[in-house]
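**Q**
Residue numbers (the working numbering): 3 to 353.
(1) Would you be able to state if there are at least three C-beta pairs under 8 Å between the segment 32-50 and the segment 88-105?
(2) Residues in its own chain within less than 8 Å of residue 167 by CB, not counting five upstream and five downstream?
(3) Compare the Cα-Cα distances from residue 124 to each of 310, 271, 295 and report the closest residue.
(4) Give a single yes or no on whether residue 296 has its beta carbon closer than 7 Å to a heavy atom of the ligand ATP.
(5) DSSP state of residue 34, grouped into three classes?
(6) Report the rounded CA-to-CA distance for residue 210 versus residue 297, giving the unit in angstroms.
(7) Looking only at its chain, what residues have a beta carbon closer than 8 Å to the beta carbon of residue 191, apart from the 5 residues adjacent to it on each side?
(8) Quickly, what does DSSP pair residue 336 with across the bridge? List them, please.
(9) Ordered along the chain, which non-local residues of its own chain (more than five positions away) have a Cβ less than 7 Å from that of residue 8?
(10) Would you check if the segment 282-290 and the segment 226-233 touch, i.e. whether three or more CB-CB distances between them fall below 8 Å?
(11) Considering only the alpha carbon of each residue, which of 304, 132, 89, 249 lies closest to residue 321?
(12) Round the Cβ separation of residue 253 and residue 304 to the nearest angstrom and send it over; I've been treating them as touching at under 8 Å.
(13) Leaving aside the five residues before and after residue 145 along the sequence, list all residues of the same chain whose C-beta is less than 7 Å from its C-beta, in chain order.
(14) Alpha carbon to alpha carbon, how far is residue 37 from residue 339? Give it in angstroms, no decimals.
(15) Quickly, what does DSSP pair residue 318 with across the bridge? List them, please.
(16) Under 8 Å Cβ to Cβ from residue 129, same chain only, skipping five residues before and after it: list those, please.
(17) Mind checking who residue 146 pairs with in its DSSP beta bridge?
(18) For residue 168, does the three-state DSSP call read helix, strand or coil?
(19) With C-beta atoms as the reference, is residue 323 less than 8 Å away from residue 314?
(20) Just how far apart, CA to CA, sit residue 258 and residue 134?
(21) In terms of residue numbering, what span does the alpha helix (DSSP H) encompassing residue 221 cover?
(22) Please state whether DSSP places residue 305 in a helix, a strand or coil.
(23) Residue 206 lies in the alpha helix (DSSP H); which residues open and close that run?
(24) With DSSP collapsed to three states, give me the class of residue 266.
(25) Excluding the 5 residues flanking residue 277 on each side, which residues of the same chain have their C-beta closer than 7 Å to its C-beta?
(26) For the putative contact between residue 218 and residue 255, defined by C-beta atoms under 8 Å, what is the C-beta separation to the nearest angstrom?
(27) Determine the contact status of residue 269 and residue 116, defining contact as a CB-CB distance below 8 Å.
(28) Please report how far the alpha carbon of residue 337 lies from the alpha carbon of residue 78, in whole angstroms.
(29) Using a Cβ-Cβ cut-off of 6 Å (strictly less than) and excluding sequence neighbours within five positions of residue 335, which residues of its own chain qualify?
(30) Could I get the ranges of all uninterrupted alpha helix (DSSP H) runs contained in the segment 92-120, with 4 residues as the minimum, in chain order?
(31) Where does residue 25 land, buried or exposed, given buried means 16+ other C-beta within 10 angstroms?
(32) If we ignore side chains and look at the alpha-carbon of each, how far apart do residue 243 and residue 113 end up?
(33) Do residue 275 and residue 201 have their beta-carbon atoms positioned less than 8 Å apart in this structure?
(34) Three-state secondary structure (DSSP) at residue 16?
(35) Could you have a look at residue 65 and say whether DSSP puts it in helix, strand or coil?
(36) Which residues in the same chain as residue 57 place their Cβ atom closer than 6 Å to its Cβ, once the five residues preceding and following it in sequence are excluded?
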């Protein structure tokens, strides 16, 4: 800054202290995104892109005779689950003009320990929720063998019948465990695409509302994104599709609260949420199969039981609420995408 010559001190100033080389050389942690207000126009554009791309992936199965039972459904929809991540990339690069990795929480400096802690903790929390939901189902009268003995006896008998050789129970357990871990890894490749968008991009954009209102709004947005597959039979098998659409709002809101809390705990990283999401997708059926008897499904209600039923909704909402009440986050610099430090053209995009 140039001072007025009438008031400027014309004496030679003391030389400034040289910067500390050690401090200058120390890598600084990447900032965590914290909006000062909700950028509704950007949220609307993000929704439009996410919804459109996923609808394109789901469209063929509206016309194929097998629908969601078609062999291509799972791999095609797994690719479609990256629609929110693609939308976040378009928003970061095309609208906000910023680093995509910074915007969606994929910078790791300063938050590695938190990410590595909350990935397994989030998965353990999901397993606990699923097990508790089975316990509640058993208490309300659904036939269950919570010891897993029925599953072991049936599984070993089927193996012997199919191969002509007996298999020890421990071998069946180990094979199942290996299959589950492999399934988790593969499923996380798909859920990561969702969580980069929903928790990496959308969650910080909605949190100026407050965490609970953000979960309500974000959960509705997330639930309606699933419409192209829910309307053709995905989730709540055998149920009226209008009832399935309405019911699916509740678990999406509860999961948004839980996954958003995990994201906050990990310094804005969507990785713990992606693993927790993969855990629900992979382990719900596995754990139910282990506890089921031949009479279970005749009494089981998809609207009441499991992760997507009322029981799961309550358990996930309580878990998410407790995580938010005791929220302790990494000490990271904060960056407001609508503040002075952000790209000015990005601020003008929202008026």
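Yeah, the Cβ is synthetic: ideal placement off N, Cα and C, and Gly gets one too.
Just so we're clear, the structure is a prediction, and the values are computed from it rather than from any experiment.
**A** For this structure:
(1) Cβ pair count under 8 Å is three or more, so yes.
(2) Excluding residues within five positions, the ones whose Cβ falls inside 8 Å are 161.
(3) Closest by alpha carbon: 271.
(4) Questions concerning the ligand ATP fall outside what the structure shown contains, since it holds no ligand whatsoever.
(5) Strand at residue 34.
(6) Residue 210 and residue 297 have their C-alpha atoms some 48 Å from each other.
(7) 80, listed in sequence order.
(8) DSSP output for residue 336 lists 34 as bridge partner(s).
(9) Low per-residue confidence applies at residue 8: pLDDT is 40, beneath 50, and the placement is therefore not dependable, though the value from the model is reported in the following sentence. By the criterion of a C-beta distance shorter than 7 Å, residue 8 is surrounded by no residue of its chain, once the five residues flanking it on both sides are discounted.
(10) Taking 8 Å as the limit for Cβ pairs, the verdict is that the segment 282-290 does not touch the segment 226-233.
(11) Cα-wise, what sits closest to residue 321 is 132.
(12) The pair is not a contact, with the Cβ atoms about 11 Å apart (cut-off 8 Å).
(13) Same-chain partners within the cutoff: 295, 297, 298, 301.
(14) Residue 339 and residue 37 have their C-alpha atoms roughly 6 Å apart.
(15) Residue pairing by DSSP leaves residue 318 without any beta bridge partner.
(16) Excluding positions up to five away in sequence, the list reads 281, 285, 289.
(17) For residue 146, the pairing in a beta bridge is given by DSSP as 294.
(18) In this structure, DSSP gives residue 168 a state outside helix and strand, which the three-state scheme calls coil.
(19) No, these two residues do not count as a Cβ contact at 8 Å.
(20) Residue 258 and residue 134 have their C-alpha atoms some 20 Å from each other.
(21) 213-227 is the span of the alpha helix (DSSP H), which, as asked, contains residue 221.
(22) Three-state DSSP puts residue 305 in coil, outside helix and strand.
(23) Here the alpha helix (DSSP H) through residue 206 covers 205-208.
(24) Three-state DSSP puts residue 266 in a helix.
(25) These residues qualify, in order along the chain: 121, 124, 125, 190.
(26) For a cut-off of 8 Å, the C-beta gap from residue 218 to residue 255 is around 6 Å, short enough to register as a contact.
(27) It is a contact, given that the beta carbons lie within the stated cut-off.
(28) Each residue's alpha carbon lies about 36 Å from the other.
(29) Only 33 meet the Cβ criterion.
(30) Runs found: 102-105.
(31) With a pLDDT of 48 at residue 25, under the threshold of 50, the modelled position of that residue is not reliable, and the figure given next carries that caveat. In this structure residue 25 is exposed. Its beta-carbon is surrounded by fewer than 16 other beta-carbon atoms within 10 angstroms.
(32) Spanning the alpha carbons of residue 243 and residue 113 requires a straight line of approximately 42 Å.
(33) Yes, Cβ-Cβ distance for residue 201 and residue 275 is below 8 Å.
(34) Residue placement at residue 16 is flagged as unreliable, the pLDDT there being 47, under the threshold of 50; a coordinate-derived value is accordingly withheld.
(35) In the structure shown, residue 65 sits in coil (DSSP, three-state: anything other than H, G, I, E or B).
(36) The answer, listed in chain order, is 230.
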